[in-house]
Amino acid sequence: MEGVTEFDLAAVRRDFPLLSKQLHGRRIVYLDSGASALPPHQVVTAMATYQETTHANVHRGVYGTAEEATRLYELARKDVGRFLGSKSGQDEVVFTKNCTEAFNLLARSWGRANLRAGDAIVLSEMEHHANIVPWQQLQEMLGFEIRWIGITEERTLDLSNLDELLDGAKLLSITATSNVLGTVNPITSLAERAHAAGALIAIDAAQAVPHAPVDVTALDVDFLAFSPHKMYGPTGIGVLWARAELLNAMPPFLGGGGMIKDVRLDGFIPADGPQRFEAGTPPITEAVGLSAAVHYLESLGMEAVHEHERALTSYALSTLAAEFGSSISLQGPTDGPLRAGVLSITIDGIHAHDVAQILDTYGVCVRPGHHCAKPLMRRLGVNATARASFGIYNGTDDVDVLVEALHATIKMFG
Amino acid sequence: MADLEELYREIILDHYRNPRNRGELQPPAVRVEGFNPLCGDEIVLSLLVEDGTVADVKIAGSGCSISQSSGSLMSAAIKGKTVEQARGLIATFKQMLSLGDDDAIEEGAEPVPVNLRSLGELAALQGVVKFPVRIKCATLSWNTLAQGLDELPAS
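Same order as they appear, the protein sequences are chains A and B.
Each residue of the first sequence is one higher than the one before, counting from 3 in my numbering.
Each residue of the second sequence is one higher than the one before, counting from 2 in my numbering.
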């Protein structure tokens, strides 16, 4: 991809072997990147090459390949740090099992050390369960208050009472981009207001990092979690980024080998830095794959990725409106710069599961269900949506097949 | 596409659009809720059993065409049946979806052929077999019924 300045969709598509496969005799139209993005061959090859030429455990062996494995694993931390605009990735990037574990780590480590009965944290009604349940579990242990930012009829955050909600709160933990609505939240201003109220801010960037430039320094956030397999990397690895001074003050979460300086019969001394939170053999091959995904996105340029997906989202929103009028509904804000490429479709009288089933026969991959956001679904008054979500390899031809398949769905159930 | 037509047979779409025995019953009817966390399907089953016979049954909730039509078809099939017959129907229905109770099948035992005729209209749901993810939709109301039968007050 070197030397590509303009976004070249055809060239990007050639990097994704799965896109040349057929589904039910038709071209595969992959519209489920919000659940998991396809990996480009650069990522697959990097992982295979690592396993065939270097594989060893990290932070232990002194033989050459073990040193190389350690170097590659630690390099992944720096790559992720650079990608996020962190000042020192090697001190601020923790690798977990997935994005959900990153939130569990945040709650059980920072939360447990800093929250008491009588304290409050602020979440929003549009959160993924990953940013709800760990806090509720901790709440059961410690008895603090969880306050909720509501949602407007425009499907954006209702910030009318934010000052009140933040008053005395210790943390605002909020999604950067809704995985159901495609709402892009104003993180810079939320960070400013949280800090002004004396609270820290954590962001769930799982649906943000793969689609637009995200810079933790410019956003001035304190914690960020994301999901590498949603940004064209492998499953089995998650990322928690935390400002170094916060991370250094956090107690360990999971215990075992790798996260200690010393262990005696009467206790242990935890390791410094991100390693303190990485008990046991970490996801080494996956970290190598994540590095490759970072390099891949950097070669495309996140501004170019964002522009491409923005244009595609505008095309999809206007095409669906023109083709279907009010016979289908999209749960999300109207088009604009704060509208991401997530289309949550509901059709009167046809359940999302049936929509997705018929779309499948057209080679169209979408996700039906509640998208791990049940409080939001209750707020919207729907029990499921059929969600189409875009990635870098999607084009207007994919939207056109989606439209064809939706017409067939309505005809079948009409 | 042939598989899809097998899945969405006219009888299933009819029961989805015009569900039978829709609603809820008051006590002494037993009320049981069933959820399919995968897709958010919900079934609320009200079951009134008198003298060992299903005197009345109502289905409420919301979900996909498979879960809702399965509930509707089930309600029509068990009304007036004895509790034992209803249990038998659950077993036969699950067997049709290749979900025989593994513990009940002894090694080397001959599989019992499913008598589709005994299932009547329920046989329309056999197309679900080719869509493994949807089997949970089809069985939701039946699992809820099994739970309801277990919760019946001993008489």
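By construction, the Cβ of each residue, glycine as well, lies at the ideal position given by its N, Cα and C atoms.
From a predicted model like this one, the values you see are computed outputs, not experimental measurements.
Through-space distance from residue j to residue i, alpha-carbon basis
| i | j | result |
| --- | --- | --- |
| Val33/B | Ala87/B | 16 Å |
| Glu107/B | Leu98/B | Note that Glu107/B scores 46 on pLDDT, short of 50, meaning its location in the model is unreliable and no value can be drawn from it. |
| Gly184/A | Thr93/B | 44 Å |
| Ala115/A | Thr336/A | 41 Å |
| Val31/A | Asp81/A | 31 Å |
| Arg18/B | Gly64/B | 12 Å |
| Arg15/A | Leu21/A | 7 Å |
| Asp362/A | Gly291/A | 29 Å |
| Ala155/B | Leu382/A | 42 Å |
| Phe132/B | His373/A | 21 Å |
| Trp112/A | Trp243/A | 13 Å |
| Gly83/A | Ser90/A | 6 Å |
| Gly84/B | Phe36/B | Per the sequence shown, residue 84/B should be read as Val rather than Gly. C-alpha separation (whole angstroms): 23 Å. |
| Gly200/A | Pro215/A | 27 Å |
| Ala109/A | Trp137/A | 6 Å |
| Thr98/A | Ile12/B | 49 Å |
| Pro38/B | Lys376/A | 10 Å |
| Phe228/A | Ser191/A | 20 Å |
| Arg29/A | Ser68/B | 30 Å |
| Ala407/A | Ile360/A | 7 Å |
| Gly338/A | Glu309/A | 12 Å |
| Val50/B | Ile134/A | 41 Å |
| Gly62/B | Glu6/B | 25 Å |
| Ser66/B | Val401/A | 25 Å |
| Pro20/B | Ala125/B | 15 Å |
| Val403/A | Glu129/A | 30 Å |
| Thr247/A | Gly24/B | Contrary to the premise, residue 247/A reads as Glu rather than Thr in this sequence. Roughly 58 Å between the two C-alpha positions. |
Nearest-angstrom Cβ-Cβ length linking residue i and residue j, presumed shorter than 8 Å
| i | j | result |
| --- | --- | --- |
| Leu40/A | Tyr395/A | 7 Å |
| Ile349/A | Ile412/A | 7 Å |
| Ala295/A | Val45/A | 5 Å |
| Leu314/A | Phe392/A | 6 Å |
| Ile347/A | Val60/A | About 44 Å; that fails the 8 Å criterion. |
| Leu8/B | Gly128/B | 4 Å |
Contact check, residue i vs residue j, beta carbons under 8 Å
| i | j | result |
| --- | --- | --- |
| Gln333/A | Val384/A | yes |
| Ile60/B | Ile44/B | yes |
| Phe326/A | Leu107/A | no |
| Leu117/A | Leu140/A | yes |
| Phe85/A | Glu300/A | yes |
| Arg245/A | Glu70/A | no |
| Gly258/A | Gly235/A | no |
| Thr67/A | Thr56/A | yes |
| Asp34/A | Val368/A | yes |
| Ala196/A | Leu202/A | yes |
| Met261/A | Glu280/A | yes |
| Phe146/A | Ala178/A | no |
| Gly269/A | Cys101/A | no |
| Leu378/A | Glu127/A | yes |
| Ala171/A | Ile205/A | no |
| Arg389/A | Gly36/A | yes |
| Ser293/A | Leu77/A | yes |
| Leu48/B | Leu123/B | no |
| Ala147/B | Ile91/B | yes |
| Ser88/A | Val186/A | no |
| His213/A | Ala13/A | no |
| Gly81/B | Thr54/B | yes |
| His231/A | Ser38/A | yes |
| Asp222/A | Ala193/A | yes |
| Val357/A | Val182/A | no |
Classification of residue i by the beta-carbon crowding that lies within 10 angstroms, buried from 16 upward
| i | result |
| --- | --- |
| Ala354/A | buried |
| Gln53/A | exposed |
| Met143/A | exposed |
| Asn22/B | buried |
| Arg73/A | exposed |
| Arg266/A | exposed |
| Asn163/A | exposed |
| Glu155/A | exposed |
| Pro253/A | exposed |
| Gly416/A | exposed |
| Ala3/B | exposed |
| Gln277/A | buried |
| Thr387/A | buried |
| Ala105/B | Unreliable positioning characterises Ala105/B in this predicted model, as indicated by a pLDDT of 45, which lies under 50. The coordinate reading is nonetheless provided below. By the neighbour-count rule (16 or more Cβ atoms within 10 Å), Ala105/B is not buried but exposed. |
Residue i CB to nearest heavy atom of the ligand SAM below 7 Å
| i | result |
| --- | --- |
| Pro42/A | This structure lacks the ligand SAM, and indeed carries no ligand of any kind. |
Any C-beta of chain C under 8 Å from that of residue i
| i | result |
| --- | --- |
| Leu74/B | Given the protein chain composition of this structure (A and B), no chain C is represented. |
Exercise. Where are the beta strand (DSSP E) runs, 3 residues long or more, that stay fully inside the region 239-298 of chain A, in chain order?
Worked result: 240-244, 262-266, 269-272
Exercise. Taking the runs of the alpha helix (DSSP H) that are 4 residues or longer, which of them lie wholly in the region 327-389 of chain A?
Worked result: 354-363, 376-382
For this session: Give, in chain order, every unbroken run of the alpha helix (DSSP H) that is at least 4 residues long and sits entirely within the region 140-224 of chain A.
Result: 164-168, 189-198, 218-221
For this session: For the region 65-103 of chain B, list the alpha helix (DSSP H) runs that are entirely contained and at least 4 residues long, ordered along the chain.
Result: 66-79, 84-97
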